[in-house]
Amino acid sequence: DRTVRLEEYTPFPWIVGDVSLTFRLHPTATRVLSRITFANDPAAPSGPFFLHGEKLNLIEARIDGVPVSPDITAEGLTCDVPDTPFVFEAEVEIDPSGNTALDGLYMSGGMYCTQCEAEGFRKITFYPDRPDVMAPFNVRIEGPEDKPLPVMLSNGNPGAQEGNSAEWHDPWPKPSYLFALVAGDLVAKSGTFTTASGMPVALNVYVRPGDEDRCDYALDALIRSMRWDEREYGREYDLSVFSIVAVDDFNMGAMENKGLNIFNSKYVLASPDTATDVDFEMIEGIVAHEYFHNWTGNRVTCRDWFQLCLKEGLTVFRDQQFSGDMRSEPVKRIDDVLALRARQFREDNGPLAHPVRPESYIEINNFYTATVYEKGAEVIGMLRRLVGAEAYRAALDLYFERHDGQACTIEDWLAVFEDATGRDLSQFKLWYSQAGTPRVEVSEDWDEEAGRLALTFRQHTPPTPGQPDKAPLVIPVALGLLDAAGHEIMATEVVELTEAEQTVEIGLGTGGADLEAKASRVPGRPVPSILRGFSAPVILQRQTSAEERAFLLAHDTDPFNKWEAGRALARDVLVRMVTDGAEPGQQYLSALQMVAKDDTLDPAFRALALSLPSQDDLAQAIHDGGATPDPTAIWAALRRLAEEIGGTLEPVLSELYDEMRVPGPYTPDAQSAGSRALRGAALAYLSRVDGGSRAAAQFAEAGNMTERLGALGALLRIGKGEEELAAFRRRWEGDRLVMDKWFALQAASASPAEAHDVAQRLTGDPAFDWTNPNRFRSVIGALAGNPAAFHEPEGRIYRLVTDWLIRLDPLNPQTAARLTTSFETWKRFDADRQGMIRENLERLSAVEGLSRDTSEMVGRILA
Ligand code: HT7
Ligand code: ZN
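So for the sequence shown, full-length UniProt numbering puts the first residue at 10; every next one is plus one.
What follows is the structure, encoded as structure tokens:
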């Protein structure tokens, strides 16, 4: 049993003083020489001297200069060691070009690079590869003799850089997962930053020659992030150099290695011609996220991987705040909630549900999840809401002061809040240990005579794997009140739910209630606006009429709830269309038209208000209502509603399409992007009724990728665009990132009837380089993420996706395991689909030699 358990944590018995590493680079036979000092840790219980190490060819090991013969297993090395401090040295050989898992030291397009989180360093040399072992590192890199490498980088400050070698010194104690090395033929786009205390920092964005004109935005985002972290959190940078390197082969988005962030090139490279507005926004957010880790993750790190949310939840929360500040805060909040519901609620409501701080794992790479990241960020947001912005900042100051240079736990994190505010957070802590999305049911009682509105909240969290019973949580609910004419009569107040059932009384200027509204301006029942700003990651269950939703869509002063009201209207309409064959109805269409036309509203907000719930949201809503969702019927209803919107709102949409044209050269700023988003939404609906004439013209004239791709998508969704697809391919054939878009768009917009042919064509395309994770995801991931295609009734896409996972798993288990989540909602569907999915999952799980990553995931999905 390889299960690792939180309760079994024990500290490493030695203190690592210093780490010196020499790399003699060679594509198939790199030598790594290590020299590490160890001294007994008197505070830790004693134990055997064990160093992690996997797939290492040990050439020689020495203790205090004397050769030793350690016991070596597939997991590491054990050895007798002296009681007094000693020096351990090892020389190992590794094969970077044979490393297709992209974990440890590997090669991407001729360049050496590393990925060490979570447990990749043990594939580089023997070491206590655990986050609570922190040490300063000195690194020497020697290039291959026959092929000198122009750039050789590691963490920290540069030391001697001579001919074919480079030295780097990182003075800040760090865990091995933050180690990085990059070497290759790279060019830099450089800048400088002066910290608030006047320290100059050299900034570099390293890319392959030819990509240097696509780095400006990432560099600018980095500078803005550095400034923001100083201003908002008082955090300064701490080395003379900060570099970002773009790599084409990468399992995730990016990695926060100390002073040397390594990025998937998708999240660095951008020009107006090759990247969309969404790409620019993602780059800004991810650059910020990785930079912010310098304090939340690197200077203060995690004691063990169960504490992953300590760095990830907090850093996601910080990057969300940053993006909200750089752009529109309400629009960012809506986007974040959309992503949370799409990924985390889906996870929390299925077989993969786990707490924000899981209690056991088989393969830690499987726990870089939406729950740890996104729900982890929501938990921080709730904490801030409960204690207030000032106390939050004071608690963070205390956190950095108390824990700089340490490897910490969630207990340490909550203790700083308790100490800074005097609050007891023991009930709040349940958010870290209890899985599942809480349901909060609310009922209303209006006493006209007394002028009192009583809101009764009942919370419950459904059972999740291993957790049948749940306790009530602390839930901050932000509330406002509107009078019957739509004026706000109570501005947002936060109430704290702590009981399974709790009533809050709101008096209309009558006194003595829990909350007081200003006297009602007009007679009649007031309308509450509940869970403003999505103040807690819960599902609010409230019986509300379509009239009330339309009223809130028109009048709510809270932008999130205004949007939420429109979204709920659309969802109800669509659910009725799917389950009862109902027609869209005028009420929703009129409400939508009113928002679309309201030019007091931000275009980016209006674009979001015009978007429809996803196929997956609707499947979940239908399932929650006790019915079995039919993916093809959901797809057809969405198409039918889009046609209806296109037809009914044609005059308004057509006006918007003309009005929202952004003149002049492309800039990626939030305002222009918002106008383009609204124009794109109008185009998508108009294309349903104009035969695609506007989209074809826009494609032909587009001066940037946002408009080009938007037009192509609109055409594909109405079954057109063949010529445009061919033209796009001719133009961008040599550009990997743009061709990923070409593949993904087709996979994501295939109808149920086309799905199989599209899948065959794309996977048979000579440009389908399935060993590249981005390309694999852009075809297999996009097909699996298109519910209508994935669930086509004959089950051919289930089979195809499974076949590809079986093929990928031996090469790249991390990416294969991650894509098994496509099947996580399988229990929602009909018996036929469930049978076909089970068959495929069992086939996958029976593969001989299946990786630990994929077999853990399939086991949990099937359980
Ligand atoms: N902290 C980084 C996580 C990450 C990662 C984890 C497992 C395997 C590969 C990986 N690449 C990056 C990214 C982040 O959250 O900032
Ligand atoms: Zn992170």
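Note that the Cβ used here is the ideal one computed from N, Cα and C, for glycine as well.
Cβ pair residue i, residue j closer than 8 angstroms
i, j, result
"residue 614", "residue 644", "no"
"residue 163", "residue 187", "no"
"residue 487", "residue 501", "yes"
"residue 396", "residue 440", "no"
"residue 380", "residue 357", "yes"
"residue 489", "residue 529", "no"
"residue 757", "residue 795", "yes"
"residue 205", "residue 171", "no"
"residue 29", "residue 125", "no"
"residue 747", "residue 759", "no"
"residue 495", "residue 471", "no"
"residue 286", "residue 691", "no"
"residue 181", "residue 308", "yes"
"residue 297", "residue 351", "no"
"residue 559", "residue 602", "no"
"residue 384", "residue 145", "no"
"residue 468", "residue 449", "yes"
"residue 630", "residue 576", "no"
Contact set for residue i: own chain, Cβ-Cβ below 6 angstroms, skip 5 residues either direction
i, result
"residue 98", "44 and 71"
"residue 176", "149, 168 and 169"
"residue 196", "218 and 221"
"residue 753", "787 and 791"
"residue 689", "719"
"residue 566", "497"
"residue 404", "425, 426 and 429"
Buried versus exposed call for residue i [16 or more other C-beta atoms within 10 Å across all chains shown]
i, result
"residue 477", "exposed"
"residue 353", "buried"
"residue 91", "exposed"
"residue 707", "buried"
"residue 74", "exposed"
"residue 452", "exposed"
"residue 841", "exposed"
"residue 68", "exposed"
"residue 140", "buried"
"residue 310", "buried"
"residue 674", "exposed"
"residue 660", "exposed"
Same chain, Cβ closer than 8 angstroms to residue i, five either side skipped, listed in chain order
i, result
"residue 343", "568, 569, 572, 614 and 617"
"residue 289", "226, 279, 677 and 682"
"residue 249", "166, 167, 208, 209, 210 and 211"
"residue 634", "584 and 588"
"residue 159", "193, 194 and 195"
Residue i - DSSP class collapsed to helix/strand/coil
i, result
"residue 226", "helix"
"residue 644", "helix"
"residue 318", "helix"
"residue 565", "coil"
"residue 237", "helix"
"residue 13", "strand"
"residue 846", "helix"
"residue 516", "strand"
"residue 164", "coil"
"residue 485", "strand"
"residue 779", "coil"
"residue 349", "helix"
"residue 721", "helix"
"residue 382", "helix"
"residue 261", "coil"
"residue 145", "strand"
"residue 855", "coil"
Cβ-based neighbour list, residue i, same chain, cut-off 7 angstroms, excluding 5 preceding and 5 following
i, result
"residue 646", "583, 586 and 587"
"residue 611", "337, 340 and 683"
"residue 798", "759, 761, 764, 792 and 806"
"residue 382", "321, 322 and 325"
Which whole runs of the beta strand (DSSP E) in the stretch 173-219 are 3 residues long or more, in chain order? Taking only runs of at least 3 residues, the beta strand (DSSP E) segments lying wholly in the stretch 173-219 are 174-183, 190-193, 196-203 and 209-216.
My parser needs the beta strand (DSSP E) runs of 3 or more residues fully inside the stretch 265-314; what are they? 269-273
Restricting to runs no shorter than 4 residues, where is the alpha helix (DSSP H) found entirely within the stretch 400-472? Here the runs fully enclosed are 419-430 and 439-442.
What are the start and end residues of each continuous beta strand (DSSP E) run of 3 or more residues lying completely inside the stretch 50-121, in chain order? 58-61, 66-72, 75-77, 85-88, 95-103 and 113-117
Counting only runs that start and end within the stretch 567-639, where is the alpha helix (DSSP H) found for 4 or more residues in a row? Counting whole runs of 4 or more residues, the stretch 567-639 contains the alpha helix (DSSP H) stretches 568-589, 595-606, 612-619 and 624-633.
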